[in-house]
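Numbering (our numbering), first residue to last: 88 to 266. Beta carbons are placed, not taken as given, at the ideal position from N, Cα and C, and that holds for glycine. Here the structure is a predicted model, which is why all the values come from computation and not from measurement.
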Amino acid sequence: MPASQRGFTLIELIVVILLVGILGATAASRLFGRSHFDAFVARDQAMTITRQIQLSAMQAQDSEIQRIRYPLRIIAGSSEKDSCLGRMVDTVCPTASSLNSDVLLGTTSQTRFTVTSPHPAPSVLYFDLLGRPVDSLGRIVCELGCEISLTARDNTQLSFCINREGFIGKGSLSEGACQ
């Protein structure tokens, strides 16, 4: 008679490790809550809106028309309620009922937006036909890059950059993301 086996087989061990891993990942996301991920989601949404405005401006036929019709306005409020980013004509954030897909409100994303660089920071960016960030007169404004920071409700701060050639990427000026 063969000796009785003690312990787990390799398959049983792998199944148990996988189950514990799945349960641990599920429990961790419940413990950390949604607020930890809000800043990352808001940054990705803000980058998508910025790229959408940039592409719309690049498809315009006349540089004067595209500067008027496709501004990227960053309203840096002191709280989530008066902070927004997107294609807006007004200098105040729109209400949720008049919201379109080109605007990210601080109240819905639970974040505040600020342009942290360059100084003085422009509150409105336009894009020329090549996708480069310019001012209302068509001059390039982000010589060293423009950094847009987002601060979430749990004080997680993330940023993204627009470099002088129009590349929009995650990171900050200090990390070299705008080069």
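- In this model, Thr238 and Gly173 are separated by some 16 Å (Cα to Cα).
- Here the C-alpha atom of Phe247 lies approximately 41 Å from the C-alpha atom of Val103.
- Assigned with DSSP and collapsed to three states, Ser143 falls in helix.
- By the criterion of at least three beta-carbon pairs nearer than 8 Å, the stretch 159-170 is in contact with the stretch 206-221.
- Per DSSP, Ser166 is not a residue of any beta strand (DSSP E), being assigned neither H nor E.
- By the criterion of a C-beta distance shorter than 6 Å, Ala133 is surrounded in its chain by Leu172 and Leu191, once the five residues flanking it on both sides are discounted.
- Beta-bridge partners assigned by DSSP to Cys248: Glu234 and Gly256.
- Residues of the same chain with a CB within less than 6 Å of the CB of Asp222, apart from the 5 flanking positions on each side, are Val228 in chain order.
- At the C-beta level, Ile235 and Phe200 come within 8 Å of one another.
- For Leu217, the closest of Arg226, Glu252 and Gly94 by C-alpha to C-alpha distance is Glu252.
- Under the DSSP assignment, Gly173 falls in the beta strand (DSSP E) whose first and last residues are Cys171 to Gly173.
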